[in-house]
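Chemist:
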Amino acid sequence: MTSARLSLLSLALFGGYSAAGIAAQTTPQLGIRDKTPNLVALTNATVQTEPGKTLTAATILIRDGKIEAVSSNGRVPAGYQQRDLSGYTVYAGFIDPYTQYGVPKAGEGEGFSFGRRPVYENERRGGNAANDAIHAQQRWVTQFKPDSKAAADFLKQGITVVQSARQDGIFRGTAFVASLADDLPNNLVLKADAQHFMAFSKGSSKQTYPSSLMGAIALIRQTLSDANWYQAATSREVTTVNGQPLEFNAALAGLATIKQQGVLFDTSDERSLLRASRLLAEFDISNALLLGSGYEYSRLEQIKATGKPILLPLNFPAAPDVTIAEQRLDVNLADLRHWERAPANPAVLAQAGVRFAFTSHGLTKKADFIPNLRKAVQHGLSQQQALAALTTVPAELLGLGQQLGKVAPGYQADLVISRGDLFAEGEIVATWLRGQENRFTPVQPPVFAGKYQFNLDGQSIDITISGTAPKLAGEAVLGEKKAKLEHLRVQDQRLQFSLPLRALTEQAIVLQFNGVLTGEQLSGYWLDAAGKQQLLTLQRSAVEPKAPKAAAEPATQLSRLTYPNRAFGLSALPVTEKLHIKNATIWTATSAGVMQNTDLLVSNGKFEKIGQNLATPRGYRVIDASGLHLTPGIIDEHSHIATEQGVNEGSHANTAEVHLGDVINPDDINIYRALAGGVTTVQVLHGSANPIGGRAQIISLRWGADAEGMKFRNAPPSIKFALGENVKQSNWGTEFNTRYPQSRIGVETFIRDQFQAAKEYQAAWQVYNKLSRREQGRTVPPRRDYQLETLVEILEGKRHIHTHSYVASEILMLMQVADEMGFKVNTYTHILEGYKVASEMQAHGASVSTFADWWGFKMEVNDAIPTNTCLMHEQGLLVSVNSDDPGLLRRLNQEAAKSTMYCNMDEHEALKMVTINPAKQLKIDDRVGSIAEGMQADFVLWDQHPLSVYSVVQQTWIEGARYFDRNSDLAQREQLENERQQLIQKVLTAGESARQGSTNSYKQDDPIWHCEDNDDWLKLRFGFGDHLHSHGHAHGGQH
Amino acid sequence: MKLIKSLLAVACVLAAGSAGAVNPVPGTAQTEPLLLKNATVHSVVAAPAVQDVLIQDGKIAAVGTNLTAPANARVQDLSGKNLYPGLIALINQLGLIEVEAVRATRDDREISATNPDLRTEVAFNADSVVIPTIRSNGFSHSLIYPSGSLITGRSALMQLDGWNWQDALVQSSVGLHVNWPRMGIQTGWWVRDSVEQQQKRQAEQLAKLQDYFSAAHAYYLAEQAGLNRGRDSRWHAMLSFFEGKLPLFVHADDPRQMRQAMLLAQQYGVKLVIVGGRDSWRIADELAANKVAVIYTAPYGLPTRGDEAYDQAFSAPGVLKRAGVQFALSLDGFWDTRNLVFAAGHVTRYGLDQAEALRALTLDAAAIAGVADRLGSIEVGKSASLVVSSGDIFDYRGHQVEQMWIDGRSVDLDNRHKQLHRRYQQRYQQPSQSVQP
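Residue numbers (full-length UniProt numbering), protein chains in the order written: chain A, 1 to 1039; chain B, 1 to 437.
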């Protein structure tokens, strides 16, 4: 034991205590120069030189901050200060790739707040981007200032090197990699320009745009595209744009290095991670590290398929709170499952071969880092994998694999010293940073446990000490009598305790002992009742053998893993079947009408044959549909289910650049509920906050699939427009009166002007495309504009408009603008006054999709009538009935039935309003919407007439695969309840410890979206907002 | 009989001609007996049967087979048609809100959390264009209530064919309404407050509510002893509550809220009605044992929680029925009240039979509103508030409301929607109509 100092050292390193030879290259040294050598030999250590490789009784030679040699029983050369590390394990210092160490944090109070006027523009300085969520010009190394206080929290967890940048905004700037040592920043930077940090959060930006996740994604897309354009433009001989000199843009210039330096993308759950991965792939950014969430196990195949490494926060959730019986009502199965499975997530990823590193990001208390590491190991992660995730993997990901992550010659002398095995119950006692030690606890603390005997006034008293400091216990025994020792402490290596004699000798006296252990001798002194000191030496008779700790029980999991992983998720995705459906009443939604006692063969996801008394081909399953009605799957032209973090990019008046396809949430329970109502296809539309809204996404309700799997294959592109009260911000509150347009007269002008811009954009590209290759090489190409490009698609007839509309005037207006600018209005949606101008819409060629009977919710629906469908149908319009609401969605058959009741619509025609008619409006009627040979086998079995209020869906099929079955649903309910109760029991059994962990890491559902929901969801999501509208949707929402 | 048909035809033509947004004229008081023959009578108190019903002086004078018409009676044959009591829609804001988003048209709530002295009927707009659209789907009566915070005011039962609110008022002060503070924890990412903040606010709100009742009770005790020094408008309005004459209508969905409300009702010994009751199925036995009635407002609802079965909200009424809880159905809105009849039909596939669904819109609704002696069934002595549907009134495939009487007065079933329909039908029928390219 040669350690010089055993007192608990403060972490703050001393000024000038920098590694010798590194300091003072350009910085003048004033006063006396520091020439302390850095020559250290760590001996007798167990060394994990790298994951999976262990040396015992090893010697590590450190010279000038670097490891010089590592060997078993190595000789210590002369001149090296020796440290005996018997009983200790040495690991390479840990690397945390995602921190905000040493950089100024985003200012407090910079956040957006509601009730304030919307902010459309930002302050321009230094060639910044036009959006304050873009900080790509920032090189955070330029602001790096070491922070020993912040470093201490990392060092105690063994983290010696971090990558850091300010975590604020969408494009956050370039991070740097630095040592956590206390030195001049100049000496600490390992990599000045490391990864570009990115996220979907706009952070402290006060700008209204983007206000939704899809807006953030659109902004990322436009910005990355702009960066490519800017790079190309600056390399051209002629750098004028429309006759103007090319602008200087620091943010775009900053992004020039993004592919080489790579990206660290901050994501919030596995859906967000997959989105980030896809988005980067669009721009061929393959060098990317994606921040994980602990939910990766729930979509493992997709995570694996990204091929990207994952950065896992070592953060596990606290159990849902069930400490009070009634709190169970607030707890859902998905969270219970996640609580159980999250600690095994790293092991699951490791088994799947996904490369990952760990980060302390997201931990409320950094001190939970190592305990959580052990938890991951207890749940099946091998020590080797765990160590790799802390050392070699992050080192390689940061391009520093030749300097960091191993205990090997030439590597930086960043070491973690653990008493015992860190992955089991060891404790970090010190870290070494570039050959300098930071000690947290004495490296060789005396162990006082044992039995000691001494004489007190001629009586022999046995003293037993057990445990290790600070958890010490002790007992004194005199004959039959026992007394507990009090005030047991170890201070400055000295043991101190008090012995109350009352229980032993009935004297009201307390003796105090203080002594130091040398070998097996405890020598010190008593203070007696009179305060007199009596020197004595006690011989330790036996050290209690330490009971071997029982191996941690393998964690058994009670929960099921389903897709999505929540109640009513599926254990396996439904498969396409071969079916012979017998004796059904088939509502074809074709000219064949309703066919009684008819058979249907289904194979390869399609209707193969319709007819009576068909023979059952080999291998076909027979479904006896006697007494049942079979209809096409229900289709909704207008829905907002399966939408994540914002249904409106309600900031700007034209947001054609945003795309609902970017934010499909396949885990929305409303998908399953809709299936239970016979729905198979919906168009997920942007809200109605702006005249030109976002691009829509048609989805097939393939419950269990991921976001991409939900998308209706090769669906023709569409887009949402809106007119009237919502777009002129009538009911948004008094602060919303600065955005053009504020009236229906402005709406017309705005839309015309936007299409004019699109035409000019189209023309600019046409000019450019006509240039010779050589000329193109010399010219700055037009900047790709996602917004105008979308409008050009409309002009070219490739993208179809579904426009929210109510009153007759605006309906006529849009058709005139369309005729003038040369586009078509595909479908008027809501269109509650459509009955007034049905013949005009018929002449234009528009179709219509309406509410069955909604009205009363705002001024512009004052003339809505429940016979609107019939009047429009009678004028030859293609009419559908839509829901715009997840509750209404699951009874669209009843909504269609209202037209038979209010205005005697033919029943088959009425059913068409929720099947083939919306299919035609979505231009997918060649595949879905009717029952005919060759069509996609999307169908519903009803137990009664499908237009009856009494009809209940029995089964819903998509492409010949069964996605809903009422009997299975009923059978599943008890199983789900049992699982839920078992998991609650598991939480209760775990007692108070179940509440340890993160309380904010569960996924949270989106609210039920409606057209008008226009809060700044990005702000709310990421904690900057301070207000939420109370949604007074007394009747299921406003529209 | 023929006469009546032709009269109806004339009325329709007249209405078509006017086509303005003016509500139909309220019916005139019954001057002569009316014998309805051979209707399928859904009396509520007995199984449906083909019977005759005699109405006289606004009341049901006789129900039976082969009734003989009094000398001066008009006779109408309802063979093949269904006769129901006028449907009663409890809990909505008909006449209080005309256009939801337009504040000027709303009189459904007041500021302050202590509003026991508000009586809702005084703002009831009998000329609301919404009302005739509700009537024409079979509803003759409506219980309108005030919304707001904590103690929101007193509800009133209205008949839906009046000249003004005084004319339409059937029963004032049906219930004292309390909007119970939320007790569940919200966890959506859009929720601003932490769990702890939510719990703290909830505890504060609950204490505040209990304090209000305690203050009102102090006023009641002092009033009885003649010790009040002046009138407190709020607490004075609650004297009848402490006398047990004004039932407590608590708007609550969560078991925690409902249990707290039961304690409060027990404390003051009053009748409790739960309004909303999404989770009432979870504690149906407790509600039954405590004789708590429920006005269930989610017959078409989505499940309250992600773990609940997709049809949980549909099946709650059946659970209440089996547990013996008295309940009615509602949609708690205004314009959509016309769909309540279909919602009632809808839930019959989830554990409630049709007779029970009808009862929930008639006799049990009347009982909860305290007017079962007058309304809610086709029985001798009760109000002649009746509705004729050609088919099953609960199903789109049968629902055709052809006639309605309220207190024996014949109700004109025309409405703004029918008027607009006819108006624009004419547009397309006019030969001059041509489409501009």
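All C-beta atoms, glycine included, are put in the ideal place defined by N, C-alpha and C.
The structure displayed is predicted, hence computed values, not measured ones.
Taking the continuous alpha helix (DSSP H) assigned at A/V348, which residues delimit it?
Modeler: From DSSP, the alpha helix (DSSP H) with A/V348 extends over 345-351.
Chemist: Compare the C-beta of B/R84 with all C-beta atoms of chain A and state if any pair is closer than 9 Å.
Modeler: The question names Arg, but residue 84 of chain B in the sequence shown is Tyr. No, B/Y84 does not count as interfacial toward chain A.
Chemist: Pairs of beta-carbons, one from the region 676-691 of chain A and one from the region 882-896 of chain A, closer than 8 Å: are there three or more?
Modeler: Contact holds: three or more Cβ-Cβ distances are below 8 Å.
Chemist: What does the alpha-carbon distance come out to for the pair A/G111 and A/H196?
Modeler: Confidence in A/G111 is poor, its pLDDT being 47 and thus under 50, which makes the residue's placement too unreliable to answer from.
Chemist: Between the Cα of A/R125 and the Cα atoms of A/R116, A/Q138, A/R117, A/P118, which residue gives the shortest distance?
Modeler: Out of A/R116, A/Q138, A/R117, A/P118, A/Q138 has the C-alpha closest to the C-alpha of A/R125.
Chemist: What residues from chain B crowd round A/A566, counting only those whose CB sits closer than 7 Å?
Modeler: The displayed chain sequence assigns Arg, not Ala, to residue 566 of chain A. Ordered by position in chain B, the residues that pass the 7 Å Cβ test against A/R566 are G306.
Chemist: Of all Cβ atoms in chain B, is any one closer than 9 Å to the Cβ of A/C1011?
Modeler: No, no contact with chain B.
Chemist: Pick helix, strand or coil for A/P500, following the three-state DSSP scheme.
Modeler: Of the three classes helix, strand and coil, the one that applies to A/P500 here is strand, per DSSP.
Chemist: Go ahead and pull the three-state DSSP assignment for B/M238.
Modeler: Coil, per DSSP.
Chemist: Hey, could you find the ends of the beta strand (DSSP E) A/R63 is sitting in?
Modeler: Unbroken beta strand (DSSP E) run through A/R63: 53-63.
Chemist: So, are the CB atoms of B/L94 and B/I60 less than 9 Å apart?
Modeler: No. Outside cutoff.
Chemist: Under a three-way DSSP split, which group does B/Q430 fall into?
Modeler: Here B/Q430 sits in coil by DSSP.
Chemist: Should B/P247 go down as buried or exposed, given a rule of 16 or more other Cβ atoms within 10 Å for buried?
Modeler: That one is buried.
Chemist: Is it a yes or a no for the region 102-122 of chain B touching the region 146-156 of chain B, going by three-plus beta-carbon pairs under 8 Å?
Modeler: The region 102-122 of chain B, when compared against the region 146-156 of chain B, does touch it at the 8 Å Cβ threshold.
Chemist: Ends of the alpha helix (DSSP H) at A/I794?
Modeler: Run containing A/I794: 786-795, per the alpha helix (DSSP H) assignment.
Chemist: Identify, in the order they occur along the chain, each residue of the same chain with its Cβ nearer than 6 Å to the Cβ of B/G277, setting aside the five sequence neighbours on each side.
Modeler: Same-chain partners within the cutoff: V294, Y296.
Chemist: Thinking A/I692 and A/I751 are a contact (beta carbons under 8 Å), I'd like their distance in whole angstroms, please.
Modeler: Yes, they are in contact, since the Cβ atoms of A/I692 and A/I751 sit about 7 Å apart, within 8 Å.
Chemist: Out of A/I60, A/L219, A/E577, A/V177, point me to the one whose CA is closest to A/L404's CA.
Modeler: Among A/I60, A/L219, A/E577, A/V177, the Cα nearest to that of A/L404 is on A/V177.
Chemist: So, does the CB of A/F857 fall closer than 9 Å to a CB anywhere in chain B?
Modeler: At least one chain B Cβ lies under 9 Å of A/F857.
Chemist: Where does B/N115 sit, in a helix, a strand or coil, going by DSSP?
Modeler: B/N115: coil per DSSP, three-state reduction.
Chemist: Got a sec: is the Cβ-Cβ distance from B/P255 to anything in chain A below 9 Å?
Modeler: Output row for B/P255: interface = yes.
Chemist: Looking at chain A, which residues of the region 369-397 of chain B have a Cβ within less than 7 Å of any of its Cβ atoms?
Modeler: So the close ones are F394, D395, Y396, R397.
Chemist: I need the straight-line Cα distance from B/G269 to B/G398, nearest angstrom please.
Modeler: One C-alpha to the other measures close to 45 Å.
Chemist: How would you write the range of the alpha helix (DSSP H) that A/F765 sits in, first residue to last?
Modeler: Before going further, note that residue 765 of chain A is Trp rather than Phe in the sequence given. Looking at the DSSP string, the run of the alpha helix (DSSP H) that includes A/W765 is 744-770.
Chemist: Residue ranges of each beta strand (DSSP E) run of no fewer than 3 residues wholly in the region 173-214 of chain B, ordered along the chain?
Modeler: You should have 176-179.
Chemist: Note the first and the last residue of the continuous alpha helix (DSSP H) segment covering A/P235.
Modeler: First, the residue type needs correcting, since residue 235 of chain A is Ser and not Pro in the sequence shown. Per DSSP, A/S235 belongs to no alpha helix (DSSP H) and is neither H nor E.
Chemist: For A/N332, count the other beta carbons within 10 Å of its own beta carbon; 16 or more makes it buried, fewer makes it exposed. Which is it?
Modeler: So A/N332 counts as buried.
Chemist: Identify which residue in A/A130, A/T391, A/R419 has its Cα closest to the Cα of A/Q412.
Modeler: Comparing Cα-Cα distances from A/Q412 to each of A/A130, A/T391, A/R419, the minimum goes to A/T391.
Chemist: Closest to B/D279 by CA distance: which of B/A252, B/I406, B/R374, B/S385 is it?
Modeler: Closest option to B/D279, Cα to Cα, is B/A252.
Chemist: Near A/N565, which residues of its chain fall below 7 Å by C-beta distance, leaving aside the five closest residues on each side in sequence?
Modeler: The answer, listed in chain order, is S298, A334, R337.
Chemist: Short check: CB of A/A656 to CB of A/Y786, under 9 Å?
Modeler: Contact: yes.
Chemist: Report the residue from A/D636, A/F94, A/D969 whose alpha carbon sits nearest the alpha carbon of A/I699.
Modeler: It is A/D636.
Chemist: Using a C-beta to C-beta distance shorter than 8 Å, which residues of chain B count as neighbours of A/L871?
Modeler: Those are H421, Y424, Q425, Y428, listed as they occur along chain B.
Chemist: Looking at the strands, I want to know which residues DSSP matches up with A/E50.
Modeler: Bridge partners of A/E50: A/K53.
Chemist: To the nearest angstrom, how far is the alpha carbon of A/I745 from that of A/L224?
Modeler: Looking at the two C-alpha atoms, the distance is approximately 36 Å.
Chemist: Can you tell me which of the three DSSP states A/F736 falls into?
Modeler: Note: A/F736 maps to coil in three-state DSSP.
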